[in-house]
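K.L.:
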Amino acid sequence: MKSKSICILGMHRSGTSAVTRSINLLGAYLGEDTAFVTPLSDNPEGYWERSDIVNFNGRLLDQIKKNWDTVAPLPDKWHKSDKIKPFRDELVEFIKINFSDHQLWAWKDPRISLLLPIWKDALDELGIKSSIVFVIRNPLDVAKSLNKRDGFSYDKSFGIWFNYATTAFQNLSNFTYTFIHYDRLIHDWESELRRCSSVLGIPWPNDDSQLRIKMNEFIRPDLRHSFSGMNELKHANAPRPVIKLYELLLKTTKSPQPNKEINSAIGKLSSDFYSYARFFQFDMDRLWGSGQELAERDMRLIKKDQQIGALLTSYSWRVTKPLRWLIAIYKKGWGIR
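In the working numbering, the protein residues as written are 36 to 372.
Below is the structure:
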């Protein structure tokens, strides 16, 4: 039985969780309940992403020396590197074990917007046909959400959004794909989901009563905390390339596939971005290295604190307390320091 997969792409805080759950309710397998990342207050309805996939992508980014919030593109043909081959082999086995028995399955982690090439290599090796749902959201709303959750400045969030969007778009070739705007899904989920199901070749259930009940429970307007238009994005002093890219992506949501003019315009933005990013690559690499050193130092300090805590609560420390008290008196009396 040949399986078919659906990847949900999109920047963090763009509504990929809602779209993934919607695709799941149409019949795509995601995993067992115990496999998912635990919902938090910033996403109470669930992330609908597997912990093992999140872990894999995190380790892969570490190998490439990038953080999830990078504003710089990944190295050219990074997924063909010899250092990445063990990850590719691991991914092939992971897909075999977890999804090979399911005719239709889906997966999601926003970082796949950066890492899609290695997933495509693994899927091609297994002969699995894959489709893409690209989730779009106003970058200002993304920036507001990241500011609230992580304290990021709007400028940093605009940079992350631009990197994710351009990288993901450039990797769409050879996939069947469609675009969906998060705000439209919230406003009219049925129209958006029907359009996606048609493009992706997912049959709509003859009796959709249960689907309607579950979608109406899941898609709730009160969960959308920010809804910004193009004027708000411009008034927020977003960089011109960010505004232009969002304008182009909005056009893609109005048709099943973008036309050549849109492809060319986004390609030009991406090309310019990649060219300018080269100026800062050395500094970005140094910054990543410094971050790793600080993280390792913090871990050593935590470990030492734990060792000290264990010592202070140990039996030997408690029973020798009187002796330490006498030694302190002795030193004080003799003026010993």
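Ideal Cβ placement from N, Cα and C applies to all residues, glycine included.
Provide the residue span of the beta strand (DSSP E) that contains Phe169, from first to last.
P.N.:
That run of the beta strand (DSSP E) goes Lys164 to Ile171.
K.L.:
Return the CA-CA distance between Phe214 and Thr348, expressed in angstroms with no decimal places.
P.N.:
Going from the Cα of Phe214 to the Cα of Thr348 covers about 58 angstroms.
K.L.:
From this set, Trp83, Ser135, Phe197 and Ser76, which residue's C-alpha is nearest Lys164's C-alpha?
P.N.:
Considering only alpha carbons, the answer is Ser135.
K.L.:
With respect to the beta strand (DSSP E) encompassing Tyr212, which residues constitute its N-terminal and C-terminal limits?
P.N.:
Per DSSP, Tyr212 belongs to the beta strand (DSSP E) from Thr211 to His216.
K.L.:
In the DSSP output, which residue or residues are listed as bridge partners for Lys39?
P.N.:
Lys39 is bridged to Leu139 and Lys164.
K.L.:
Quick one: what does DSSP say Arg48 is sitting in, helix, strand or coil?
P.N.:
In the structure shown, Arg48 sits in coil (DSSP, three-state: anything other than H, G, I, E or B).
K.L.:
Pick helix, strand or coil for Tyr82, following the three-state DSSP scheme.
P.N.:
Here Tyr82 sits in coil by DSSP.
K.L.:
On the three-pair Cβ rule with 8 angstroms, is the region 143–152 touching the region 198–205?
P.N.:
Touching, yes, given that three or more Cβ pairs across the two stretches are closer than 8 angstroms.
K.L.:
Check for me: the alpha helix (DSSP H) holding Trp103 runs from which residue to which?
P.N.:
Here Trp103 belongs to no alpha helix (DSSP H), and DSSP marks it neither H nor E.
K.L.:
By alpha-carbon positions, which one of Pro110, Met46, Ala273 and Glu296 ends up nearest to Tyr309?
P.N.:
Measuring from the Cα of Tyr309, the nearest candidate turns out to be Pro110.
K.L.:
What are the residues that DSSP puts in a beta bridge with Tyr64?
P.N.:
Beta-bridge pairing links Tyr64 to Trp140.
K.L.:
Sort Pro240, Ser116, Leu207 and Phe253 by Cα distance to Leu220 and report the nearest one.
P.N.:
Of the candidates Pro240, Ser116, Leu207 and Phe253, the one whose C-alpha sits nearest the C-alpha of Leu220 is Phe253.
K.L.:
For the region 177–195 against the region 240–251, are there 3 or more C-beta pairs whose distance is under 8 angstroms?
P.N.:
With a cut-off of 8 angstroms, the region 240–251 and the region 177–195 do not count as touching, because too few Cβ pairs lie within range.
K.L.:
At what residues does the alpha helix (DSSP H) containing Pro174 begin and finish?
P.N.:
Start and end: Pro174 to Asp185.
K.L.:
Can the beta-carbon of Val72 be found less than 8 angstroms from the beta-carbon of Ser57?
P.N.:
No, these two residues do not count as a Cβ contact at 8 angstroms.
K.L.:
Where Val234 and Ser166 are concerned, what is the direct C-alpha to C-alpha distance, given to the nearest angstrom?
P.N.:
Computed Cα separation, rounded: 9 angstroms.
K.L.:
Between Trp83, Ile119, Ile88 and Asp340, which lies nearest to Lys100 when the distance is taken from Cα to Cα?
P.N.:
Considering only alpha carbons, the answer is Ile119.
K.L.:
Drop a sphere of 10 angstroms on the beta-carbon of Ile88, count the other beta-carbons inside from all chains shown, and report buried for 16 or more, exposed for fewer.
P.N.:
By the neighbour-count rule (16 or more Cβ atoms within 10 Å), Ile88 is buried.
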